[in-house]
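Working notes for the structure below.
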Amino acid sequence: MNILNTRRVGMLIAMGTFLAAGLSTGVKIYYLIFFVLLAMAVLGAVSALWTLYTVRFDMKGVRSRVVRGDTLMTIFTVRHTCLLPVSGIRLRMSVPSAGAADQEVAVTTPPFALRTFRHMIRCPHRGLYEFGVSRVSVTDVFGLFTFSRKPGMKMMRMEVQPKAADIPAMPLKSADMGPECMSRATEDNASPSDVRKWQDGDVLKKVHWKLSLRKREIMVRTYEESARPDTLVIPDMAEIAALRDQQLTIEDCICEECLSAAKAQLEAGYPVRMPLTGLKPQEVAGQFPADIPAFTDALMRAKFDSPYGYEQVLMLMMNRLQRTGGAILVTARLSTRIADIAMRMQKSGIQTKLVWVTDDAREESLAMLERVRMAGVITRRQDPWQTEKPRPAGNIEDDYDI
Numbered sequence: 004m005n006i007l008n009t010r011r012v013g014m015l016i017a018m019g020t021f022l023a024a025g026l027s028t029g030v031k032i033y034y035l036i037f038f039v040l041l042a043m044a045v046l047g048a049v050s051a052l053w054t055l056y057t058v059r060f061d062m063k064g065v066r067s068r069v070v071r072g073d074t075l076m077t078i079f080t081v082r083h084t085c086l087l088p089v090s091g092i093r094l095r096m097s098v099p100s101a102g103a104a105d106q107e108v109a110v111t112t113p114p115f116a117l118r119t120f121r122h123m124i125r126c127p128h129r130g131l132y133e134f135g136v137s138r139v140s141v142t143d144v145f146g147l148f149t150f151s152r153k154p155g156m157k158m159m160r161m162e163v164q165p166k167a168a169d170i171p172a173m174p175l176k177s178a179d180m181g182p183e184c185m186s187r188a189t190e191d192n193a194s195p196s197d198v199r200k201w202q203d204g205d206v207l208k209k210v211h212w213k214l215s216l217r218k219r220e221i222m223v224r225t226y227e228e229s230a231r232p233d234t235l236v237i238p239d240m241a242e243i244a245a246l247r248d249q250q251l252t253i254e255d256c257i258c259e260e261c262l263s264a265a266k267a268q269l270e271a272g273y274p275v276r277m278p279l280t281g282l283k284p285q286e287v288a289g290q291f292p293a294d295i296p297a298f299t300d301a302l303m304r305a306k307f308d309s310p311y312g313y314e315q316v317l318m319l320m321m322n323r324l325q326r327t328g329g330a331i332l333v334t335a336r337l338s339t340r341i342a343d344i345a346m347r348m349q350k351s352g353i354q355t356k357l358v359w360v361t362d363d364a365r366e367e368s369l370a371m372l373e374r375v376r377m378a379g380v381i382t383r384r385q386d387p388w389q390t391e392k393p394r395p396a397g398n399i400e401d402d403y404d405i
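Read in order, the letters of the sequence shown are residues 4 to 405 in the working numbering.
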């Protein structure tokens, strides 16, 4: 039960006053008023407790996996069996939002009637969240008592994944890529590695005629090929010094830029490696578009708590660039040292792309970005707040009665 509110204190003072007046004067009207107030208090407490312990609700329309920016329409039903009137039922809902993790929804329903409501819920930031009704509270019709309890409902886990944009793949140098050129340059016709069945597009010179006659189906020789140089996507995982909502928005933008770049490279046929240098470092690698969900899941769970500065991370990655055909750098902090490292990567023969996540449009900042671009580095400045305005959430709509 909540702390005594002003109305409850006033009720207690009035009851005490009328009781004292009745005892001191013996006038019956004072006793009558006292018992009326007492009946109101008892009626309010009984109605609130009765409703609280008989209310039942169910939720529908909740997906376990959504994309950042989606708006869910949650449908839930409420029913109770209390015959006495109450002021209202409030449901405290845990929603996927780091800024306001709880939302309160007020509903009213007559006894024994199953009533359906709709509630719009926004998913503004990526991450793992718990969703569901965390607490139910009921206030009596006089506003004297408010009782609450945990509903005992199991909270559902919701994954809010970063949103990948469709961007063009970063082209690698012709000497470092090309499936046809690489295949023909590395094949050794004298030493096939294996055989397989005929597929449309195979050339006749690869057919193993003797084995085909023996198995009565066309078999084709396969050859070992050198691995293609991959693309290294390096996000800046250091903590961002900003307000909580701004920090989450910038983190979302960095993750989505990395995911979009990895998706574009994989769909273009380039293997991708992505080191995540947080407190618990890990590396995600993939060679085919089927590996995109692994990058999505890793970036959804990634925490920006790296103990290393981005310059230090880039210097460590310089030792791993022997077989790298391209490097994509994504950061919210562009310093002179980061710009120099990007230009050094480009001069070493690695196709480099620098994505700067910021809304900074000062002349000196744009001049430094232009200097990096003039060195051959592909540059892009992404404003994390240039997104579509989402539909307002939290509106409760009474749907219908059953």
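Where a beta carbon is used, it is the ideal one built from N, C-alpha and C, also for glycine.
Is it buried or exposed for residue i, if we count other Cβ within 10 angstroms and need 16 for buried?
{"i": "threonine 142", "result": "buried"}
{"i": "alanine 45", "result": "The question names alanine, but residue 45 in the sequence shown is valine. Valine 45 should be labelled exposed."}
{"i": "aspartate 386", "result": "exposed"}
{"i": "valine 317", "result": "The sequence shown places leucine at residue 317, rather than the valine named in the question. Leucine 317 is buried by the Cβ-count criterion."}
{"i": "serine 263", "result": "buried"}
{"i": "glutamate 254", "result": "buried"}
{"i": "lysine 218", "result": "exposed"}
{"i": "alanine 265", "result": "buried"}
{"i": "glycine 352", "result": "exposed"}
{"i": "arginine 118", "result": "buried"}
{"i": "leucine 207", "result": "exposed"}
How many whole angstroms separate the CB atoms of residue i and residue j, which I take to be in contact at a CB cut-off of 8 Å?
{"i": "valine 81", "j": "phenylalanine 60", "result": "5 Å"}
{"i": "leucine 75", "j": "isoleucine 124", "result": "5 Å"}
{"i": "threonine 252", "j": "tryptophan 388", "result": "7 Å"}
{"i": "threonine 361", "j": "alanine 345", "result": "No, threonine 361 and alanine 345 are not in contact; Cβ-Cβ is about 15 Å, not under 8 Å."}
{"i": "tyrosine 313", "j": "threonine 327", "result": "Going by Cβ atoms, the distance from tyrosine 313 to threonine 327 rounds to 18 Å, so no, they are not a contact pair."}
{"i": "glutamine 349", "j": "alanine 378", "result": "6 Å"}
{"i": "alanine 288", "j": "alanine 172", "result": "About 17 Å; that fails the 8 Å criterion."}
Kindly list the residues whose CB is nearer than 8 Å to the CB of residue i, restricted to its own chain and excluding five residues on each side of it in sequence; keep chain order.
{"i": "methionine 320", "result": "Leu235, Ile237, Pro278, Ala330"}
{"i": "arginine 199", "result": "Met222, Val223, Thr225"}
{"i": "methionine 303", "result": "Arg129, Gly130, Leu131, Glu162, Val163, Gln164, Pro165, Cys258"}
{"i": "leucine 40", "result": "Met14, Ala17, Met18, Phe21"}
{"i": "leucine 175", "result": "Pro232, Thr234, Tyr273, Gly328, Gly329, Gln354"}
{"i": "arginine 71", "result": "Cys126, Pro127, His128, Arg129, Val163, Gln164, Pro165, Lys166, Asp255, Glu259"}
{"i": "threonine 57", "result": "His83, Thr84, Cys85"}
{"i": "aspartate 105", "result": "Arg95, Met96, Ser97, Val98, Ser137"}
Apart from the five residues just before and just after residue i, which ones in its own chain have a Cβ nearer than 6 Å to its Cβ?
{"i": "threonine 54", "result": "His83, Cys85, Val89, Val141"}
{"i": "tryptophan 201", "result": "Ile221, Val223"}
{"i": "serine 309", "result": "Met240, Ala241, Thr280, Gly281"}
{"i": "glutamine 250", "result": "Ile243"}
{"i": "glutamate 270", "result": "Pro292"}
{"i": "glycine 47", "result": "Asp143, Phe145, Leu147, Phe148"}
Output the distance between the C-alpha atoms of residue i and residue j, rounded to the nearest integer angstrom.
{"i": "methionine 18", "j": "isoleucine 92", "result": "27 Å"}
{"i": "glutamate 107", "j": "serine 137", "result": "10 Å"}
{"i": "tyrosine 33", "j": "phenylalanine 21", "result": "5 Å"}
{"i": "threonine 112", "j": "alanine 51", "result": "14 Å"}
{"i": "aspartate 73", "j": "alanine 293", "result": "23 Å"}
{"i": "leucine 147", "j": "alanine 42", "result": "12 Å"}
{"i": "valine 49", "j": "leucine 87", "result": "8 Å"}
{"i": "glutamine 290", "j": "tyrosine 273", "result": "7 Å"}
{"i": "threonine 149", "j": "alanine 109", "result": "13 Å"}
{"i": "valine 275", "j": "glutamine 325", "result": "14 Å"}
{"i": "phenylalanine 79", "j": "phenylalanine 307", "result": "35 Å"}
{"i": "aspartate 205", "j": "phenylalanine 134", "result": "53 Å"}
{"i": "lysine 213", "j": "glutamate 286", "result": "45 Å"}
{"i": "leucine 216", "j": "lysine 209", "result": "14 Å"}
{"i": "valine 382", "j": "lysine 153", "result": "Note that residue 382 corresponds to threonine in the displayed sequence, not to valine. Near 52 Å, if we compare the C-alpha coordinates of lysine 153 and threonine 382."}
{"i": "asparagine 322", "j": "glutamine 315", "result": "12 Å"}
{"i": "proline 99", "j": "valine 69", "result": "10 Å"}
{"i": "alanine 364", "j": "leucine 372", "result": "11 Å"}
{"i": "proline 284", "j": "arginine 11", "result": "56 Å"}
Who are the Cβ neighbours of residue i in its own chain at under 7 Å, not counting the five residues just before and after it?
{"i": "arginine 384", "result": "Trp359, Thr361, Leu372"}
Exercise. Contact between the stretch 252-271 and the stretch 294-308: three or more CB pairs below 8 Å?
Worked result: The way I'd put it, the stretch 252-271 does touch the stretch 294-308; three or more beta-carbon pairs between them come closer than 8 Å.
Exercise. Using 8 Å as the threshold, is the stretch 61-71 in touch with the stretch 14-33, meaning 3 or more CB pairs across them?
Worked result: no
For this session: Specify whether the stretch 339-347 and the stretch 153-162 touch according to this definition: at least 3 beta carbon pairs, one from each stretch, less than 8 Å apart.
Result: no
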